Every structure is written in C-alpha cells, then in structure tokens.
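Protein chains: 2
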Amino acid sequence: MKRIGFIGLGIMGFPMASHLLEAGYELTVYNRTTEKSMKLQEKGANVATSAAQVASESEVVFTMLANSDVVEDVIFGENGVVEGATDGLIVINCSTVSPESNIKLHDKLKESGIIFLDVPVTGSGVQANAGTLTFMCGGNHDVYEKCIPLFEAMGKKHFHMGDIGAGSYTKLANNTMLAINMMSLAEAIVMVAKCGIDPETFVEVVSGGGSKSAMAEAKTPKIVSRDFSPNFKTSLMLKDVNLALDLAKDISVVTPILALSKEILNIGVSMGVGEEDLCAIVKCYESWGMTKVR
Amino acid sequence: MKRIGFIGLGIMGFPMASHLLEAGYELTVYNRTTEKSMKLQEKGANVATSAAQVASESEVVFTMLANSDVVEDVIFGENGVVEGATDGLIVINCSTVSPESNIKLHDKLKESGIIFLDVPVTGSGVQANAGTLTFMCGGNHDVYEKCIPLFEAMGKKHFHMGDIGAGSYTKLANNTMLAINMMSLAEAIVMVAKCGIDPETFVEVVSGGGSKSAMAEAKTPKIVSRDFSPNFKTSLMLKDVNLALDLAKDISVVTPILALSKEILNIGVSMGVGEEDLCAIVKCYESWGMTKVR
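In order, the protein sequences belong to chains A and B. Quick note, my numbering runs 28 ahead of the 1-based positions in the first sequence. Quick note, my numbering runs 28 ahead of the 1-based positions in the second sequence.
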C-alpha cells in the first residue's frame with residue numbers, strides 16, 4: 029500500500045500527514061480550509077478538492093477530525109469518502125469519537141465494501157510532531173497488521189486492542205486517567221504552593237515514588253512558567269470526559285471521580301480556560317484557594 | 029555522628045534501621061514488642077528497654093511510628109526520649125503525622141534543648157527494604173545537612189523542603205496524588221476490563237503517553253494477580269487523606285477530588301479492604317460495576 033489519503037490537517041493531522049510524506053508514501057490530502065493543504069503540497073502531497081477525491085486516489089484513508097458529526101459528514105456526506113471509494117478501501121479513523129459511533133460507521137461502511145478500523149491515538153501535538161504517538165486499534169486483526177508500517181511512520185507504538193470499538197474503549201479509559209491525573213496534580217500543587225513549598229522541588233520529590241506521573245512532569249513546567257498555550261485544550265478534555273462518562277453509563281460501571289472531574293472541567297470552561305491547555309484548570313484551584321502556584 | 033537510635037520497627041522502621049546497621053552505625057533500638065528488636069540484636073544492634081535509654085545512648089534518634097499520639101507518648105511520656113536526652117540531641121520524626129503536630133513537637137522540644145526535624149518519607153515497605161526511600165525534610169538547614177549521610181544510608185533521595193512542617197506538607201500533598209492516582213487507575217481499569225480489553229495491555233498503552241503513572245505500573249500486576257497483600261494499607265491511605273484534608277481546610281485550599289476519594293476509601297474500609305493494599309479499592313469498583321478485572 030503506497031497511496032495514502034489524509035483528511036483533517038489540524039494540530040494532530042498535519043504532523044501525522046507530514047510523517048507519511050517523509051516516509052515516502054504518495055499522499056493525497058483534504059482539509060476544509062486550504063492553508064495547511066498548501067503547506068503539504070510544497071512538500072509533495074497531492075491536494076484534493078473533496079474527500080471523495082482523496083478516497084478515489086488512495087488505498088488507505090486516515091481521518092483525524094474534531095468529532096463524530098464531522099467524521100460522518102466527511103465519509104457519508106456529499107462528495108464524501110463513500111462516493112469516491114473503490115472496493116477494498118481501508119478507512120482508519122484516528123479521531124476520538126464514541127465507540128458506538130465507530131461501530132456504526134464500521135457496520136455501515138461494510139455494506140459498501142469498505143474496511144474500517146477505529147484507531148485513536150494517545151499523545152498531543154507535541155508527540156504528533158515528534159512521531160511518538162501510540163496507536164490503539166480496534167477492528168480486523170489482519171487489516172491492522174497490513175497497516176502497521178503506516179502506524180510506524182507516524183508513531184512509536186501500536187496495539188491491537190480487540191474488535192471494532194476497542195480502540196475507542198481504550199482511548200476513553202486512557203483519557204479518564206488523563207483527566208483525573210490532571211486534577212491530582214492541580215489539587216496537590218496548589219496545596220504545596222500555599223504552604224510555601226517550591227512546586228518544582230515538590231514534583232521532583234513526587235517523581236521519586238508512587239505518585240510519579242507523566243502529567244505532573246509534563247504540566248508543572250507549564251504551570252510555573254504560566255504557559256497555558258494548548259497542547260491539549262481543556263474543552264477537548266471535557267469532550268472526551270463526557271464520552272467516557274457516556275461509555276461508563278452504557279456498560280454500567282461507576283466512575284464517581286471522573287464525574288466530579290467533569291464538573292471541575294465544566295467550571296474551568298465557564299471560567300474561560302476552554303481554549304487553553306488542560307493544565308489551566310489549576311487557575312480554578314488558585315482562585316478557590318486565593319493563591320497562585322507562581 | 030556515629031551513635032544512632034531508632035524507635036519503631038514496623039514495616040518501614042525495621043528495614044530502615046537495618047540499613048543503618050549495615051552502614052556501620054552504632055545502633056540502639058526500641059520497639060513496643062521485642063521480636064523485631066531481637067532480630068536486629070543478632071545483626072549487632074543494642075536493644076534498649078525504653079525510649080529514654082535509646083536517647084541517652086544516641087546523638088540522633090529516629091522515630092517511625094503509626095500516628096502522632098504514639099510519637100508524642102514516645103517522646104514526652106514516661107521513660108520517653110526527653111527523659112534520656114542529652115543536650116543537642118537530634119530527633120528525626122519520619123512518621124506521617126500532621127504538620128501541626130510536628131510543629132508543636134519542635135517547639136516543645138526546643139525548650140528542652142533538643143533539635144527536631146520532620147522528615148517523612150515516600151515509598152512503602154518495598155522501597156524501605158531496597159533502600160530507595162525519598163526523605164522530605166522540614167527544619168533547620170544546617171542540621172539537615174549534618175544528617176544527610178543517615179538519609180543516604182537508608183534511601184535514594186533527600187530534599188530540604190523548608191522550615192519545620194515543610195516535610196509534612198510535602199508528604200501530605202504527595203499522598204494526595206497517591207490517593208487520587210489510585211482512583212484514576214481503578215476507574216479506568218474496571219472500565220476497560222468490562223469492555224473486554226486486556227488490562228495489562230491497557231496499562232502498556234497508557235504508559236506510552238500522558239496518562240502514565242507509577243501507580244498504574246505498580247498496582248496493575250497486583251490487581252490482575254489478585255494479590256492484595258499490603259505494601260501500603262488502605263486504612264493508612266485513608267488516615268493520610270484525612271490529614272491532607274485537615275491541612276487543606278487549615279490553609280483554605282479546595283480539594284474536591286481528594287474529598288471524594290476519601291469517601292471512596294471510607295467505603296473500601298467499610299467493605300473490608302482496610303488491612304489490604306490500597307489497590308484493593310478496585311474491589312469496590314468491581315462490585316459497583318458487577319464485573320471483575322480478572
């Protein structure tokens with residue numbers, strides 16, 4: 029498979045598509061706005077004028093889009109993937125959407141002879157740029173194996189988690205941990221800061237033991253330098269937490285800490301940090317505690 | 029300083045005292061029950077019959093005890109440390125107690141010419157045995173520096189966090205993260221397990237990204253092998269969470285996720301996992317979700 033399509037060239041999609049180009053694939057891209065497409069054209073990508081055109085010129089099409097409505101529209105809408113697809117096309121959805129939505133897409137595409145994998149990724153723009161994403165695949169195992177070189181071109185690790193939907197299950201549980209580990213850091217760092225402890229020394233201490241977390245190590249430097257530019261926006265964290273809570277309800281598991289984390293993210297968004305990085309949630313805690321980490 | 033005393037030879041204290049012996053210090057120990065003392069005697073320790081005797085034969089006395097009542101009793105009670113202390117004795121309290129209690133001990137001991145440091149540790153029995161504890165010191169900086177060889181004999185890292193109380197502030201914030209990161213794992217792992225995802229593969233995926241945590245990596249093997257033997261008991265986690273919540277109230281910071289974690293630990297203890305490892309909290313989630321991780 030040499031002819032690859034990519035739809036959605038945002039913070040994640042643009043660097044992912046770039047890595048495919050660098051790995052030597054014949055890449056056809058489509059994005060709603062054309063600026064990003066033009067940048068890839070300079071590097072050798074074909075720019076399509078529709079998702080249908082991407083599909084007609086590709087053996088595998090990746091989608092990396094904001095939510096399930098956009099994914100469905102790009103696939104089934106006017107000039108969508110289905111209109112251009114040839115038999116045996118593989119569509120790989122890397123967007124974070126509900127498992128339910130991915131299972132529906134899979135079943136509907138099967139009727140048109142299109143193979144579908146749900147393959148969300150862990151990692152933000154930083155990892156996408158560095159080519160260190162982790163791919164979590166749900167769907168046919170043979171198809172997954174055929175696509176491994178593509179995952180390796182864009183990321184560091186890839187896992188087959190189970191049937192269709194399993195990628196999304198994994199991703200939502202992963203982001204459950206992401207949200208809660210962020211709250212864990214926010215509550216602790218505001219506590220020590222108000223006690224007069226240096227927050228960076230605190231995280232160094234934490235990193236020597238059982239409380240060590242990637243979240244504490246990644247976000248503390250941002251918090252102390254008041255750099256709330258988004259690697260992963262608070263509003264998107266809230267979106268994913270809502271999807272995870274929907275899943276928990278669907279499968280009847282109880283997630284009280286996640287539910288309360290959602291409320292705090294809601295407060296964060298209403299306090300205006302939705303477009304900032306997830307770690308800006310610390311500002312809520314600072315305002316409640318009438319203190320500042322730095 | 030060559031003559032060291034150690035009071036409290038439990039899961040933590042026994043291996044810590046052993047490391048001091050191995051490092052060549054003249055060690056005098058005292059424990060309420062004598063079995064552990066006898067084991068150290070075989071290795072060359074002097075066994076005292078009271079805390080006062082430990083103090084009279086030592087330049088530095090460590091206490092590693094269950095709670096502040098026991099610490100106060102051992103120091104100020106009949107045949108306590110104060111009764112045997114010579115001028116300039118250094119008392120280092122490694123027990124996790126409230127910062128308030130450590131500050132009170134410090135002030136009261138100062139009147140008797142005894143120097144006091146609050147130096148809780150991160151790490152459980154596993155790290156105490158391996159000599160990889162982290163020491164968090166509150167108190168006089170010069171005294172801290174004099175004691176560094178002792179910390180190095182028992183652990184891997186040591187930090188001076190600030191004035192008296194700062195060790196405890198750090199420890200309680202650290203354990204805030206510990207408790208919340210445990211809930212994070214419990215909610216996510218039960219979610220994926222009920223979706224049919226292999227929990228160990230899930231944690232491998234998580235470890236590739238921003239949700240990575242020492243908690244997930246340490247506890248998942250215990251959970252999947254149903255080994256709930258305590259490295260750190262749920263009841264002690266609850267004790268520390270209560271201390272952290274008291275601190276949060278005292279300094280007026282808001283910790284809603286910690287507060288809810290306390291309630292879940294309360295449920296855990298009432299469901300009978302108090303004497304089991306912290307990770308046994310997953311059993312509550314399993315029962316609520318009518319599922320099992322394995």
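From the three backbone atoms N, C-alpha and C, an ideal C-beta is built for every residue, glycine too. Every value quoted in this text rests on a predicted model; they were computed, and no experiment measured them.
Open item on the list: Can you tell me which residues form a DSSP beta bridge with A/ASP305?
Closed with: A/LYS261
Open item on the list: Can you tell me whether B/ASN202 is helix, strand or coil according to DSSP?
Closed with: Helix, per DSSP.
- [ ] Have a look at the DSSP bridge pairing and note the partners of B/VAL82.
- [x] DSSP, once it has assigned bridges, lists no residue as partnering B/VAL82.
Task: Proximal residues of chain B, C-beta to C-beta of A/PHE230 below 7 Å - done: THR198, ALA201
Task: Buried versus exposed call for A/PRO177 [16 or more other C-beta atoms within 10 Å across all chains shown] - done: So A/PRO177 ends up on the exposed side.
TODO: Report buried or exposed for A/GLY116, applying the criterion of at least 16 other Cβ atoms within 10 angstroms of its Cβ.
DONE: exposed
TODO: Give a yes or no on contact between the stretch 154 to 165 of chain B and the stretch 175 to 193 of chain B, applying the rule of three or more CB pairs nearer than 8 Å.
DONE: yes
Open item on the list: Please report whether the beta-carbon of A/VAL234 lies at a distance below 7 Å from any beta-carbon of chain B.
Closed with: Taking Cβ atoms only, chain B reaches closer than 7 Å to A/VAL234, which makes this a yes.
Task: Given A/ARG254 as reference, the closest of A/CYS307, A/TYR313, A/ASP226 once Cα atoms are compared - done: A/CYS307
Open item on the list: So A/ILE32 and A/LEU55 are supposed to be a Cβ contact under 8 Å. How far apart are they, rounded?
Closed with: 5 Å
Open item on the list: Per DSSP, what are the beta-bridge partners of A/GLY183 in this structure?
Closed with: According to DSSP, A/GLY183 shares a beta bridge with A/LEU161.
Task: Start-end ranges of the alpha helix (DSSP H) lying completely within the stretch 62 to 134 of chain A, minimum 4 residues - done: 63 to 70, 79 to 84, 96 to 104, 109 to 112
Task: Opening and closing residue of the beta strand (DSSP E) in which B/ILE32 lies - done: 31 to 35
- [ ] Could you tell me which chain A residues have their CB closer than 9 Å to the CB of B/TYR313, listed as they occur along the chain?
- [x] VAL281, VAL282, THR283
Task: First and last residue of the uninterrupted alpha helix (DSSP H) at B/PHE230 - done: 227 to 234
Task: Nearest residue (CA-CA) to A/GLY238, options B/THR150, B/PRO284, B/ILE292 - done: B/THR150
Open item on the list: Given this structure, state the Cα-to-Cα distance separating B/MET189 from B/THR62, to the nearest angstrom.
Closed with: Going by the C-alpha atoms only, they are around 35 Å apart.
Open item on the list: For A/THR56, list the residues DSSP reports as bridge partners.
Closed with: A/GLY33, A/ASN74
Task: Distance, A/LYS64 Cα to A/VAL75 Cα - done: 10 Å
Task: Which of helix, strand or coil DSSP assigns to B/ASP274 - done: helix
- [ ] Go ahead and label A/GLU173 buried or exposed: buried means 16 or more other beta carbons lie within 10 angstroms of its beta carbon, across all protein chains shown.
- [x] exposed
- [ ] Assign A/THR77 to one of two classes, buried (16 or more other C-beta atoms within 10 Å of its C-beta) or exposed (fewer than that).
- [x] exposed
Open item on the list: I need the DSSP call for B/MET318, collapsed to helix, strand or coil.
Closed with: coil
Open item on the list: With H, G and I counted as helix, E and B as strand and the rest as coil, what does DSSP make of B/GLY224?
Closed with: coil
- [ ] Measure the beta-carbon distance from B/ILE309 to B/LEU293 and round it to whole angstroms, keeping in mind my assumption that it falls under 8 Å.
- [x] 7 Å
Open item on the list: Taking beta-carbon pairs under 8 Å, can you tell me which members of the stretch 69 to 83 of chain B lie near chain A?
Closed with: none
Open item on the list: Is the separation between the beta-carbon of A/MET44 and that of A/GLU87 shorter than 7 Å?
Closed with: no
Open item on the list: Between A/MET219 and B/ALA276, how many whole angstroms is the CB-CB distance? I'm expecting something under 8 Å.
Closed with: Right, the Cβ-Cβ distance comes to about 6 Å (below 8 Å), so this counts as a contact.
TODO: Pair every Cβ in the stretch 217 to 232 of chain B with every Cβ in the stretch 266 to 274 of chain B, then say whether three or more of these pairs are closer than 8 Å.
DONE: As far as the Cβ criterion goes, the stretch 217 to 232 of chain B does not touch the stretch 266 to 274 of chain B, which means the pair count is below three.
Open item on the list: Restricting to Cα atoms, I'd like to know which of B/CYS312, B/ILE118, B/SER152 is closest to A/GLY236.
Closed with: B/SER152
TODO: Indicate whether the contact test is met: 3 or more Cβ pairs, each with one atom in the stretch 138 to 147 of chain A and one in the stretch 209 to 225 of chain B, closer than 8 Å.
DONE: no
TODO: Report yes if the CB atom of B/GLU304 is closer than 7 Å to the CB atom of B/PHE256, and no otherwise.
DONE: A Cβ-Cβ contact shorter than 7 Å links B/GLU304 with B/PHE256.
Task: Partners in chain B for A/MET40, counting only beta-carbon separations shorter than 8 Å - done: Those within 8 Å of A/MET40 in chain B number zero; the least Cβ separation is about 13 Å.
- [ ] Report buried or exposed for B/MET265, applying the criterion of at least 16 other Cβ atoms within 10 angstroms of its Cβ.
- [x] buried
Open item on the list: Quick check on A/THR150: does DSSP put it in helix, strand or coil?
Closed with: strand
Task: B/GLU314 classed as buried or exposed, judged by whether at least 16 other C-beta atoms fall within 10 angstroms - done: buried
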